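Chains as they are written, first to last, in UniProt numbering: chain A, 1 to 433; chain B, 1 to 433.
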């Protein structure tokens, strides 16, 4: 089955956009004390030029990958689609505060209001838009839990692109709802490793019983995109332009916190897999710390089962298993690391965003590892207090924040990044209810 | 397992409420040309007195069931919780209009932004609140697809009530995500018929292979509530006070349409099972028609597999199978009607809201029946154009609206009630993708 998009509307529709939807993305590169180490060509080990990335990405995104200006304007068509759910709400967690008996004031920034239920459409829409205006007709990608594949399928439907997704086998088998979600948007979804690519066939031969990994799925999606000039590849996390697009989250949160009278929070907790929700929430705060000397502490909360920031090496590594991607300077567990099949499928990645890695390496951001049991128990406490069931990924940030809130003795301001809701990952809670 | 609510906060928290959250519910009874026929005592066939309903409902809700004033103030604590997702968005469906090539301007009012993904929390929160302030400690209820059970569990978690749910067996077995959702909020969920009640045991004896029905599940929940003075029963549709609470939908839509420059739509399509989403959306428009002579046409879209409005009789009937409820004057297929196991579990009810039935009987509202295949195909068209996957229930309204929009030759204004998103009902789309 191929998708038949109903319409391709790259021009703005002229709809009214909520006034608080940001007009620009914020680029942390402008404020960092040292530049982010460049991505390297795997053959020459020289910094990549635009032409090296052109087979996979449109020129606008390649430019954003190395951009150094502080603000980049969001195209009107993208802002219109953002306006469907943005600004996402920032809630004060009064009931959670009471439940914990903490003197802290806790806020959470909730990305689960997007049509697919997570923060991923923030970059999916942008990536689909830049591809569409440059004539790309199809995007390939990988997905873990399925949030990214569903988000890109959503964006493809609205902007007239076919979308083909390789989903990590363990999630493909255990989470059929996500596949149907992608297909409802017109996307095509394969389990990875598949026999549709050389990379997939090689992996199936060497690891016939593998449950897959994001690194394997990336190899397959990249291989297919590289073979067709009208097909490009789209990555849901890790790369600099993805971090950029997600900064609408943190920019909105800063405005909303100021309106709430808590303009400078003490601590911000975000979950970290590839780093995109974390970066989106925290980079605007980090930029302010660097420019204005505020002291907001930023904490990456990663799963202890896949601890790239707290246990990995900071070095150049491939983004995928087959070694098809550029070399990225990042905290990594090694490209061949296959994480256990934890419930937070979106956090099962061997590496970490180079920008996040760089910030942690410079001491600008902290990182902690959270056990899955603690995370999901924290998710239940949150659900019963606040009425929102967090995505398994988000529960890592919730757990970090709850532990902190229980420990503080003075009033302080805590912000939690709630990257999505748990509706399509409810079985993750099954052992705990 | 019993729920252990973390906190019970019946006093307002003092949070800021979006200014467009309605301050009052609208009561259609004030504007009807003839009063809604009263509910009758099944023994005496006399109109019910408050004392007849007291074993099941708190006095505030009993009063609302027979209220005739036009506006009833929404308690501040309820409005604060509404403010988590209300006002729900009203979107102009530009891309759907293009896809259909219609001259109509199509809007949709989207209730899927609530924490459980449907309109049901609008009344769940109100019912839990009125019960809690009168000292109820536990609520029992029935659920079909699970949206109502999840909504009441959500409300119980926030307002400190235990919640016990009987879910129609066919949905309980085919939709495990909903049960986990209820449990994540601390609710308890049983398949119905169960061996926990006399009504359930009798049904299992007479119909050992039954897949259940809402009417059966109501009998079980009512029986349990009637046995304990601290336990009350909560109904997610049908009753007058439920219709009342849902009118926040239509009131918001009227304000939003006026802001969009289309204050008086030509046609409003809502899906109809028990009638609550339909009534919530359409009653404020109907009231304006009656008071001001506007001519907005209101269309109830019900499944052809369970066609109470289009095929049922308008007469007094029980709300449940066992005959434990009062007699309600309504369009009914007969209390023993067991609808086929269609995907729109929320529309599988033998009767119809007495207020909606009365309005249809007076010629104030139209009704059509929609085939499941047409409904879900319309849902896919909508998803790929607008980026939101409708709940199977909502697709009936979408199908009615799409057929109408394709037929019109002049610009007119159409409003669709999108009662929820389809995230937890994605398997319904499986045969169509």
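Even glycine gets a Cβ: it sits at the ideal position worked out from N, Cα and C. Since this is a predicted model, take the numbers as computed values, not measurements.
| Item | Value |
| --- | --- |
| From residue 68(A) to residue 105(B), what distance separates their C-alpha atoms? | 43 Å |
| Note down, in chain order, all residues in the region 142-161 of chain B with a beta-carbon under 9 Å from any beta-carbon belonging to chain A. | 154, 155, 157, 158 |
| Would you say residue 101(A) faces chain B, with C-beta separation under 7 Å as the test? | no |
| Beta-carbon within less than 6 Å of residue 62(A)'s beta-carbon, same chain only, minus the 5 sequence neighbours each way: which residues are those? | 50, 53 |
| Which class does residue 188(A) belong to by DSSP, given the choice of helix, strand or coil? | strand |
| With a floor of 3 residues, list each beta strand (DSSP E) that falls wholly inside the region 184-253 of chain B, ordered by position along the chain. | 188-192, 231-233 |
| Under 7 Å Cβ-Cβ, which residues of chain A neighbour residue 388(B)? | 115 |
| Between the region 243-263 of chain B and the region 19-26 of chain B, do at least 3 Cβ pairs fall closer than 8 Å? | yes |
| How would you list, in chain order, the residues of chain A whose beta-carbon sits under 8 Å from the beta-carbon of residue 94(B)? | 9, 13, 15 |
| Residue 15(B) to residue 9(B), Cα distance in whole Å? | 13 Å |
| Whose CA, out of 205(B), 199(B), 240(B), 292(B), lies closest to the CA of residue 221(B)? | 199(B) |
| Out of 229(B), 310(B), 357(B), state which residue places its alpha-carbon closest to the alpha-carbon of residue 316(B). | 357(B) |
| Identify whether residue 70(B) lies in helix, strand or coil by the three-state DSSP scheme. | coil |
| Which same chain residues, not among the five before or five after residue 180(A), have their C-beta less than 8 Å away from its C-beta? | none |
| Consult DSSP for residue 62(B) and reduce its assignment to one of helix, strand or coil. | helix |
| I'd like the list of long-range same chain contacts for residue 78(B), defined as Cβ closer than 7 Å, with 5 residues on each side in sequence excluded. | 125, 126, 129 |
| In chain order, what residues of the same chain lie with their CB nearer than 7 Å to the CB of residue 1(B), ignoring the 5 residues before and after it? | Confidence is the limiting factor: at residue 1(B) the pLDDT is only 33, short of 50, which leaves the residue's position unreliable and the question unanswerable from this model. |
| So residue 303(A) and residue 396(A) are supposed to be a Cβ contact under 8 Å. How far apart are they, rounded? | 6 Å |
| In the DSSP output, what is residue 129(A) paired with across the bridge? | The partner list for residue 129(A) (beta bridge, DSSP) is empty, contrary to what the question assumes. |
| So, is residue 392(A) buried or exposed, given that buried needs 16 or more other C-beta atoms within 10 angstroms? | buried |
| Between residue 2(A) and chain B, is any beta-carbon pair separated by less than 7 Å? | Caution applies to residue 2(A), whose pLDDT of 39 falls short of 50 and renders its modelled position unreliable; the value that the coordinates give is listed next. It does not: the Cβ of residue 2(A) has no partner Cβ on chain B nearer than 7 Å. |
| Residue 363(B): which of 349(B), 297(B), 380(B) sits nearest, CA to CA? | 297(B) |
| Closer than 8 Å by beta-carbon distance: list the chain B residues that pair up with residue 91(A), in chain order. | 84 |
| Beta carbons nearer than 7 Å to chain B: which residues of the region 192-220 of chain A have them? | none |
| If you draw a straight line from the alpha carbon of residue 331(A) to that of residue 299(A), how long is it in whole angstroms? | 15 Å |
| Have a look at 144(A), 410(A), 211(A), 139(A) and flag the residue whose alpha-carbon is nearest the alpha-carbon of residue 425(A). | 144(A) |
| Suppose the cutoff is 6 Å on Cβ atoms and the five residues either side in sequence are ignored; what does the same chain contact list for residue 390(A) look like? | 379, 382, 398, 418, 422 |
| Using the beta-carbon of each residue, which ones in chain A are nearer than 7 Å to residue 183(B)? | 433 |
| When the distance is taken between beta carbons, is residue 416(A) closer than 7 Å to residue 108(A)? | yes |
| Based on Cα-Cα distance, which residue from 323(B), 428(B), 261(B), 431(B) lies nearest to residue 43(B)? | 323(B) |
| Out of 186(B), 401(B), 365(B), state which residue places its alpha-carbon closest to the alpha-carbon of residue 374(B). | 401(B) |
| With a threshold of 16 other CB atoms inside 10 Å of the CB of residue 429(B), please say whether the residue is buried or exposed. | buried |
| What residue range does the alpha helix (DSSP H) around residue 137(B) cover? | No alpha helix (DSSP H) contains residue 137(B), which DSSP labels as neither H nor E. |
| Residues of the region 46-73 of chain B in Cβ contact with chain A at a cutoff of 7 Å, in chain order, please. | none |
| Report yes if the CB atom of residue 385(A) is closer than 7 Å to the CB atom of residue 92(A), and no otherwise. | no |
| Give the straight-line distance between the Cα atoms of residue 338(B) and residue 217(B), rounded to the nearest whole angstrom. | 12 Å |
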